[in-house]
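Engineer: This structure is in structure tokens; I'll ask about it shortly.
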Amino acid sequence: MSSTKENKRVIMLIDVNSAFLSWEAAYRKAQGAAGKDLRDIPSIVGGDVQKRKGIVLAKSIPAKKYGISTGDTVGEAMRKCPNLTVVAPNYALYSALSDALVDFLRELTPIVEQYSVDESFIDISGSPALTADPVKTGDMLRCEIEKRFGYTVNVGISSNKLLAKMACEFEKPNRTHTLFPEQIADKLWPLDVGELFMAGRRTVYALRECGINTIGELACADRDFITRKFKTVRGNMLCDYANGIDNSPVLESRPKIKSIGNSTTVPYDITAPEEATLVLLSLCEMVGKRLRASGMQAGSLGIFYRNFEFGHCAKTMKLPFFTQCTQTICDISERVFGEIWKRDGIRAMGVYTADLVTADARQMMFTDDYEKYDTIEAVIDSLRESYGNDIIMRGGFVNSGLSGVRGGTGEGSYLPRMHSRL
């Protein structure tokens, strides 16, 4: 498509192909590392290489040919391909390369929304030179990114974020695709309903039970029926998305709050794993509550603890997606804490989040499970606001003598220094 006279907005989504693996390969090549390019051999990024634990975070095209999928366990992947090359994730590297890409995109337009660690929306509507031929602009972007950074991206182009996202999911890698409103009937509607953004497993199952198997069938379905079936908000969203309707802006503004964290000092040394976990979870509850109250989502997470000798241990990581979900923060914090705790007595502990974006920038990868937690946590926040933090708590805190939500916000010298773009 070479003209956008009927579409005043021109939105692009830039999505790094197999981001973690591409970044690893590009970095190694730039450093002159010996060996074959990870992208040219069966390889994955994820998990613990020695213990064969964890999951596949990214895979090469040759690995995909063995049936390896993102989300497989490392053990499963190695059974599918015994000669598989496994690379442990380097989140600090990915964070730096992600930020470098965003900085490059800001050279093109100031309206850039870092949607996730490997995806960014840009709004080029105000530049006639770029919108005159958006496909040419998308191709130029792809070529320049590969030339400058050494990896490939997909570019999805449309008049709104939803359709740009859907376009970006068409054939990969290293492609430019458009999905403007006049192309919906030909390009979007024939797709399986499971490919629609925000249509999770349970939603798709329910739609199929109603005889709705394609996005086009959902688009033509009776809206009243869909809203009764899936409740008003979600039902209207599904109908809108199936028809390519999305009015959300590209959010280039950055929040003033740079980080949200909580820490606590205990009057005795904690040595029991169960008790340490409860303290950690109580801090996560407070951090999640504060993120939601501030209307923010976090892209980085840090855990630290201080022992009775005032020595401390800390670890930070870039999250694969932005979140304000307490359950997600708890799950990741437990895993990170398990990696750093040396079973020494704990005197202080903290959970820290950074790389904050506004909650309006919610990622499109979230489906039914996220919506479930989102709804539950909104109710919990309301109850705690009205009746106090301990009106509702996790079962493990009952009769434990510990508060289910705790932590001060003072930043002592033992707090980890976390990278932040803000």
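Residue numbers for the sequence shown follow this note's numbering, beginning at 593 and rising by one. From the three backbone atoms N, C-alpha and C, an ideal C-beta is built for every residue, glycine too.
Classify tyrosine 860 as buried or exposed, calling it buried when 16 or more other Cβ atoms lie within 10 Å of its own Cβ.
Structural biologist: Tyrosine 860 comes out exposed.
Engineer: Residues in its own chain within less than 6 Å of serine 717 by CB, not counting five upstream and five downstream?
Structural biologist: Once the five neighbours on either side are set aside, the close Cβ partners of serine 717 are Arg601 and Val602.
Engineer: Helix, strand or coil: which one does DSSP assign to phenylalanine 772?
Structural biologist: Three-state result, phenylalanine 772: coil.
Engineer: Can you tell me whether DSSP reads glutamate 809 as helix, strand or coil?
Structural biologist: Helix, per DSSP.
Engineer: Does DSSP classify arginine 939 as helix, strand or coil?
Structural biologist: The answer is strand: DSSP assigns arginine 939 an E or B state.
Engineer: Three or more beta-carbon pairs under 8 Å between the segment 770–783 and the segment 804–823, yes or no?
Structural biologist: With the cut-off at 8 Å, the segment 770–783 and the segment 804–823 touch.
Engineer: Could you pull out every residue in the same chain whose Cβ sits closer than 8 Å to the Cβ of aspartate 632, ignoring the five residues on either side in sequence?
Structural biologist: Answer for aspartate 632: Ser652 and Pro654, listed in chain order.
Engineer: Give a yes or no on contact between the segment 688–696 and the segment 661–672, applying the rule of three or more CB pairs nearer than 8 Å.
Structural biologist: Not touching, per the Cβ criterion.
Engineer: Quick one: is cysteine 735 buried, meaning 16 or more other Cβ sit within 10 Å of its Cβ, or exposed?
Structural biologist: Cysteine 735 comes out exposed.
Engineer: At which residues does the beta strand (DSSP E) containing tryptophan 825 begin and terminate?
Structural biologist: Just to set this straight, residue 825 is valine in the shown sequence, not tryptophan. Element bounds for valine 825: not the beta strand (DSSP E) but the alpha helix (DSSP H), 824–834.
Engineer: Output the boundary residues of the beta strand (DSSP E) element that contains glutamine 623.
Structural biologist: No beta strand (DSSP E) holds glutamine 623; DSSP gives it neither H nor E.
Engineer: Which value, in whole angstroms, describes the spacing of the CA atoms of aspartate 784 and tryptophan 615?
Structural biologist: Near 31 Å, if we compare the C-alpha coordinates of tryptophan 615 and aspartate 784.
Engineer: Give the secondary structure of arginine 793 by DSSP, where H, G and I count as helix, E and B as strand, and everything else as coil.
Structural biologist: Arginine 793 falls in the helix class under three-state DSSP.
Engineer: Excluding the 5 residues preceding and the 5 following alanine 819 in the sequence, name in chain order all residues of the same chain whose CB lies nearer than 7 Å to its CB.
Structural biologist: The residue you asked about is not alanine; residue 819 is threonine in the sequence shown. Around threonine 819: Gly827 and Asn828.
Engineer: In whole angstroms, what separates the C-alpha of methionine 956 from that of serine 712?
Structural biologist: Reliability fails at methionine 956, whose pLDDT of 42 lies under 50, so the model's placement of it is uncertain and the value that follows must be treated cautiously. Taking the straight line from one Cα to the other gives about 12 Å.
Engineer: If you draw a straight line from the C-alpha of proline 1008 to the C-alpha of threonine 824, how long is it?
Structural biologist: Confidence at proline 1008 is low in this model, with a pLDDT of 31, below 50, so the placement of that residue should be treated as unreliable; the coordinate-derived value is given next. Cα to Cα, proline 1008 sits roughly 44 Å from threonine 824.
Engineer: For lysine 657, tell me which candidate among Pro674, Pro634 and Val679 has the shortest Cα-Cα distance.
Structural biologist: The shortest C-alpha separation from lysine 657 is found at Pro634.
Engineer: With H, G and I counted as helix, E and B as strand and the rest as coil, what does DSSP make of glutamine 955?
Structural biologist: Confidence at glutamine 955 is low in this model, with a pLDDT of 49, below 50, so its placement is unreliable and the value that follows should be read with caution. Of the three classes helix, strand and coil, the one that applies to glutamine 955 here is coil, per DSSP.
Engineer: Would you identify the three-state DSSP class for threonine 857, choosing helix, strand or coil?
Structural biologist: Looking at threonine 857 - three-state DSSP - the assignment turns out to be strand.
Engineer: Starting from glutamine 916, trace the alpha helix (DSSP H) both ways and give me its first and last residue.
Structural biologist: Element bounds for glutamine 916: n/a, residue is neither H nor E.
Engineer: Under the rule that 16 or more other beta-carbon atoms within 10 Å means buried, what is leucine 975, buried or exposed?
Structural biologist: When all chains shown are included, leucine 975 counts as exposed.
Engineer: Mapping the DSSP letters down to three states, classify serine 925 as helix, strand or coil.
Structural biologist: Note: serine 925 maps to helix in three-state DSSP.
Engineer: State the Cα-Cα distance for the pair proline 865 and alanine 940, rounded to the nearest angstrom.
Structural biologist: Computed Cα separation, rounded: 14 Å.
Engineer: Is the number of C-beta pairs between the segment 919–934 and the segment 828–844 that are closer than 8 Å three or more?
Structural biologist: No: the two stretches stay apart, fewer than three of their Cβ pairs being nearer than 8 Å.
Engineer: Which value, in whole angstroms, describes the spacing of the CA atoms of tyrosine 686 and alanine 617?
Structural biologist: Roughly 11 Å separates the two Cα atoms.
Engineer: Please classify tyrosine 833 as buried or exposed, where buried requires at least 16 neighbouring CB atoms within 10 angstroms.
Structural biologist: When all chains shown are included, tyrosine 833 counts as buried.
Engineer: According to DSSP, simplified to helix, strand and coil, what is cysteine 536?
Structural biologist: Only positions 593 to 1014 of the chain appear in the structure, and residue 536 is not among them; the question remains open.
Engineer: Once the 5 residues before and after glutamate 969 are set aside, which same chain residues still bring their CB inside 6 Å of it?
Structural biologist: For glutamate 969, where only same-chain residues beyond five positions count, the Cβ hits under 6 Å are Thr918.
Engineer: So, with DSSP's three-state summary, where would you put threonine 911?
Structural biologist: The identity of residue 911 in the sequence shown is leucine, whereas the question assumes threonine. Strand at leucine 911.
Engineer: Compare the C-alpha of leucine 948 against each of Ser851, Cys922 and Phe913 and name the closest.
Structural biologist: Residue Ser851 is the option with its Cα nearest to leucine 948.
Engineer: Is it right to say isoleucine 972 is buried, meaning 16 or more other beta carbons lie within 10 angstroms of its own, or is it exposed?
Structural biologist: Result: buried.
Engineer: For the beta strand (DSSP E) containing glycine 891, name the first residue and the last one.
Structural biologist: Start and end: 888–899.
Engineer: Just the Cα atoms here: how many angstroms apart are glycine 730 and valine 747?
Structural biologist: Their Cα atoms are separated by approximately 6 Å.
Engineer: Return the bridge partner residues of tyrosine 944 from the DSSP annotation.
Structural biologist: Paired residues: Gly853 and Gly894.
Engineer: Do valine 637 and valine 679 have their C-beta atoms closer together than 9 Å?
Structural biologist: Against a cut-off of 9 Å, the Cβ pair of valine 679 and valine 637 comes out as a contact.
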